[in-house]
Each structure stands twice: as C-alpha cells, then as structure tokens.
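Student:
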C-alpha cells in the first residue's frame, strides 16, 4: 500500500520533519512484531508475576523483540518512548535499537538508532538513510528497556507491506541468564540468539532474564507450552549455587520433556568458566551437574537431547577479548557462542524439516 499522511499519527514532539515523514504505530498492520507474546511483552503478565518480581520486571524488556516490514522508503525513522530504562553496570547501550535490511544474500546492518534528544525529552528519535528500493526491514528493539510506544517514520508516498516471512517460522526458544538476555552486547542484534536468528533465517524467542533465570515451576510450565523447533536450556549462570542447580536443572528438563516429548533440547553450561573472579572448582562442579542431567536424560531414552559445553565457547587465544567484564560476553564472545550453538541448531532444524 502507498503511504499517505492520513495513515500516520501526529506526534506531540519530533525533531525530524524534513522529507515528508509519516509516522505509523508499529502495533498496526502491515508491521509485525516478533519475539513477544503480546505487543512488547516477552512473557504474559500473570506468568511473570507467578515466577518472580524480577521476571515480572524483566519480561517487559524487549531483548530479542523485532519489528519487520517491507518498504521502498529512502529512510527509516525510529521514534520511540520508554516506560523504564535501567542502566546496567557500565553499559550505556541498553536503550538503543538497531536496523537491518534483508535480501537474497542475507541480512545487512544499516545502523543503530542512537539517543539523539536533548535533556528533558522523553523519547528517542533517529533516522537511517537507505536505498529507495523495495526491501525487507527488521528493527531490533532495546536489550534492557521497556517500550511505551514505537513509531516508524517513512517518506510520504512510499510503499509499505508485510515483510517476507522467515525461512523457519517455528521459533527457537532460548531460556537463561543475563548472558542469554544480552548484557554486554554493543547492540540488540549482537546477542547470540539474534545472531543465530539471522544466520539461520529463523524466528526466535529470547527468554533471558538478567539475574533472574532460576528455572521456577511457573516459567518452565509456560515454556513447555510454547510452539518451538528447539529449546535451548541455558540458565546455569543464575543458579545461586551448585546445590540449587542440582535441585532444579534436571527437574526443569523433565517437566519440559513430559510436555514436549519430541522437541530437541540443548543443555548448556555457562561460558564464564575461566572468569578470574570465580572459583574454577565450583564452576566445574556446576558443569558436571549439567553433564549429569544430560547423561541421565540419554540413559532414560531421550534421543533428542544435546549438550553444549560453555567451557569451550571461547578461543583460548582470545578468551580475554571475548568478554565485557570477565563474565558477560561482548560481541566477540557472543559471535563465538552463536557459531557453536548455530551449527548444532541448523542440524537439528534441518533434521526436523
């Protein structure tokens, strides 16, 4: 359809008015939001509240949530306001969005929508210029912020339609800690689930909850009811101690497996095995607990269970260049995780197809 002024909304405040932009609420068609269960929520409110106060808060943060559409506009404007924004440690990128276009050769990064407003402005607004050809656009929403409203600005008179669908429409579901959530990534698209999504051209759901992935019954029951191609079970880092991990890890897997007897499950141990601020002996104990869960599942006849060793994620030569703080991966670390998980996930998804 052709964009007209009547299709847009009049914003109370904007700093971009050149180029005849029309601002459209992405909650409306033909825009489509991926990675969320309702608008920008990653988990239903009742499930999140029944899990923990922290998950209730973090489930509103939009890591892994994407907006997809097709247009021939020669620019893309993102105009969005936040309900909340927590700056995590020293990272200052948790509220930015970024943008890709897709063609027959794959996904291509167009840039980040950086904060550009002065003091007192309660919204982000930024423009990326692109070629005036028909193209699929994907906007990745912030890692650690709660979206209030999100508008995309396109040139008046341009074409707008639904995006091309993913090659693999059944999502891969990732559950885990801040490392799954994406803390330490330089932009929303640099987390390992998002890299995998682009490389496999697969839908994904990121259920990473920074500091709050404890395999509680409410969240595992919810995950067990989701439609998915593969389940990545990666919460080792948030278990407060080996005893808690041992108590919950196999139990969580068993709950999921009863609900989904044939869905491939990947168990993973944490990547910061060699963190100089942690106890290697404790890290090894945790790793062995996950290995024992895996072995027990195999012994009980599970032919769709796999183990990925977090100890081996990083190239030893570049281990110290692979983290943001000794714990959370940076973009280098996330890329290495994405390669390891991605190779296995491709085999599993292709096998199912």
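In this note's numbering, the protein residues as written are 23 to 375. Backbone N, C-alpha and C define an ideal beta-carbon position, used for all residues, glycine too. Since the model is a prediction, treat every value here as computed from it, not as a measurement.
Just to confirm the assignment, what range does the alpha helix (DSSP H) spanning residue 393 have?
Tutor: As shown, the chain starts at 23 and ends at 375. That puts residue 393 outside it, with no answer to give.
Student: Mapping the DSSP letters down to three states, classify residue 259 as helix, strand or coil.
Tutor: Residue 259: helix per DSSP, three-state reduction.
Student: Just to confirm the assignment: which complete beta strand (DSSP E) runs, minimum length 3, are found wholly within the region 277-339?
Tutor: With a minimum length of 3 residues, the continuous beta strand (DSSP E) runs that stay inside the region 277-339 are 287-290 and 327-330.
Student: Quick check: what's the CA-CA separation for residue 118 versus residue 204?
Tutor: If I take the Cα positions, the gap works out to 13 Å.
Student: Using CA atoms only, rank isn't needed, just tell me which of 87, 39 and 48 is closest to residue 65.
Tutor: Of the candidates 87, 39 and 48, the one whose C-alpha sits nearest the C-alpha of residue 65 is 87.
Student: Verify the contact flag: residue 369, CB atom, against every heavy atom of the ligand GDP, threshold strictly below 7 Å.
Tutor: This structure lacks the ligand GDP, and indeed carries no ligand of any kind.
Student: Would you give the residue range spanned by the alpha helix (DSSP H) that residue 200 belongs to?
Tutor: Residue 200 -> alpha helix (DSSP H) spans 200-203.
Student: Could you give the distance in angstroms between the alpha-carbon of residue 246 and the alpha-carbon of residue 327?
Tutor: If you take the alpha carbons of residue 246 and residue 327, they lie about 15 Å apart.
Student: According to the neighbour-count rule (16 or more other Cβ atoms, all chains shown, within 10 Å of its Cβ), is residue 28 buried or exposed?
Tutor: Residue 28 is exposed by the Cβ-count criterion.
Student: If I'm right that residue 153 touches residue 92 with Cβ under 8 Å, what's the distance once you round it to whole angstroms?
Tutor: Not really, about 14 Å apart at Cβ, beyond 8 Å.
Student: Who are the Cβ neighbours of residue 84 in its own chain at under 6 Å, not counting the five residues just before and after it?
Tutor: Within the same chain, residue 84 has close Cβ partners 62, 163, 164 and 169.
Student: Tell me the rounded alpha-carbon separation between residue 71 and residue 100.
Tutor: Their backbone Cα atoms lie some 31 Å apart in a straight line.
Student: What does the Cβ neighbour count give for residue 201, buried or exposed, with the cut at 16 atoms within 10 Å?
Tutor: Counting Cβ neighbours within 10 Å, residue 201 comes out buried, since at least 16 surround it.
Student: Residue 160 bridges to which residues according to DSSP?
Tutor: DSSP lists 90 and 122 as partners of residue 160.
Student: By alpha-carbon positions, which one of 360, 230 and 368 ends up nearest to residue 390?
Tutor: Absent from the structure is residue 390, since the part of the chain shown begins at 23 and ends at 375.
Student: Residue 286 and residue 252 look like a contact to me (Cβ under 8 Å); what is the Cβ gap, rounded to whole Å?
Tutor: Yes, residue 286 and residue 252 are in contact; Cβ-Cβ is about 5 Å, under 8 Å.
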